[in-house]
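First comes the structure, then the notes that go with it.
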Amino acid sequence: MGTRKRKGARARVSLMNATYNNGYNTGYDTGHSHGYGLGFQKGSDSYAAGFDGTSIVIPSYNQQAYLADCIESIGQYTPEPHEIIVVDNGSTDGTADYLRSLRKATVRYKISERNLGFAGGVNQGLMMARGSTLLFLNNDTIVTEGWLSNQLACLGGSDRHGLVGPVTNYISGDQLISTTYGSTEEMHRFAKSFNRPDPGKWAVTGRLTGFCVLMRKEVFRRIGFLDEGFEIGNCEDDDFGFRNRLLGLDLVIAKDTFIHHVGSTTIKTLTPAEFEEMYARNLAFYSDKWGETHALLQEVSGHWNGSPLAVNDFYPTHVTVKGTGPTVFWVEHGIRRPLESSDGIQATRLSQIELKNWPSGEPISVAEWNAKQAVMAAAGSPGGPLAEGRIAQTPDGRLYQHRGGKLHRLVTAWVTEVWNLNRHPVQTLTESEAAAYPIGLPVIAPPIIKADNI
């Protein structure tokens, strides 16, 4: 497949709000306070309005030629309402200048001074997205005729379809198919014949890779952002997909949809030793976060028949959290209450989406917060009832939090640490005492958010 720039007009993408785009891009390009303020305000106004279409988010690092081909293919093969958002992860190959040249073509972008990694880049784009459906896409892909309409049909085929992805020529897992084309032209002829809508080819899977993932915005708000604790790339898509499955939603391969994928262009810049070290760290983090995933899904499956779940349903009570601003919140009984003063108070960092999933309550004074901390720090009486928020241990060594009359298992030691629950004493339960409490949803860790603006 050639990677040189194509001749002729670049991607002419049908987008909306040119004023918004110019303001937003000017703000990020110049860094001038007035320009940034103008772009931010116009962006905020436009974001609130949203539009019925797809936001296509493309993180990019030092692959300007691939990115240009990707954007051109979107313009040529995507008649559906959409917007393109590119996040440049500190590229040094002229990507920033290329993006600036596309200003009038209404491709929105953010240029980062450093490499945010795949998760960080996608998150910045998702924050900017205004569409009713969201899609993140690798920059080394070339989309094809019917690629988006077929996936949208699959996504809309069932309320249980949480994340949807296509098949391709270069990937691991069930999304890989065998191809024989040798040029871009041959690839598009193959794709035109292949991409015939067929619901019979939609297949539920246990894993979707992150080269192309489509979802509803409503599902994104329930899942949250990608976890920026994963380095560069690898495993963050597995983590995101697993959260989707915990909510009782399916991962679906639209096997009636093919796009071309060059594959692992960023990962290939690492030496084999660097890749192995990075991948080992990501695997270790995934394991520390989730433990035994199959058993966890089995544990949660009995809770999927009620109202739709969000990640906050898996979060603990009696914890202190914060978002992008200085305000710290006390979370109790599913309500977040702002502390009147938060000096010196340790809090778990969450995204604004996660914070807003909890309704806001009345402010809480430092004196009341301290009193609640004292109750949590007091040792429970053996054989006595569990106080709300109390950490308990069963004879098998598992830790639980008591919430709403139920025991909620803390799935790993990392979960206990990230919520600062390891500072509290643990009340030991006998088998008969534990059996008196029904089992609720397990407690999971939130995604790590390194960016200061989401």
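Numbering (this note's numbering), first residue to last: 466 to 919.
For each residue, glycine too, the CB sits at the ideal point set by N, CA and C.
All of these numbers come straight from a predicted model, not from anything done at the bench.
Annotation for residue 797: 782 and 783 place their beta carbon closer than 7 Å to its own, counting only its chain and skipping 5 residues before and after. Cβ contact annotation for residue 806 (same chain, cutoff 7 Å, sequence separation greater than five): 831, in chain order. Taking one beta carbon from each stretch, the stretch 571-581 and the stretch 634-654 have fewer than 3 pairs nearer than 8 Å; the two do not touch. Taking 3 residues as the shortest admissible run, the stretch 633-716 contains the following complete beta strand (DSSP E) segments, listed from N- to C-terminal end: 667-670 and 677-681. Proximity to residue 707 across 614, 892, 758 and 678 peaks at 758, based on C-alpha coordinates. Counting C-beta pairs closer than 8 Å gives fewer than three between the stretch 863-874 and the stretch 665-685, which falls short of the contact rule. Three or more pairs of CB atoms, one per stretch, sit closer than 8 Å, so the stretch 653-673 contacts the stretch 609-622. The residue from 583, 574 and 584 with its alpha-carbon nearest to that of residue 593 is 574. The three-state secondary structure of residue 573, taken from DSSP, is strand. Within the stretch 858-910, complete beta strand (DSSP E) segments of at least 3 residues are found at 864-868, 871-874 and 891-893, given in chain order. Annotated three-state conformation of residue 726 is strand, per DSSP. Judged by DSSP in its simplified three-state form, residue 785 adopts strand.
For residue 637 and residue 719, the gap between their C-alpha atoms comes out near 16 Å. Between the stretch 762-777 and the stretch 891-899 there are fewer than three C-beta pairs closer than 8 Å, too few to call the two in contact. When DSSP states are grouped into helix, strand and coil, residue 771 belongs to the coil group.
With fewer than 16 other CB atoms across the displayed protein chains lying within 10 angstroms of its CB, residue 790 is exposed. Pairing residue 630 with residue 599, the inter-Cα distance amounts to about 12 Å. For residue 858 and residue 711, the gap between their C-alpha atoms comes out near 24 Å. If you draw a straight line from the Cα of residue 888 to the Cα of residue 601, it comes to about 38 Å. Closest in alpha carbon position to residue 825, among 817, 854, 802 and 653, is 802.
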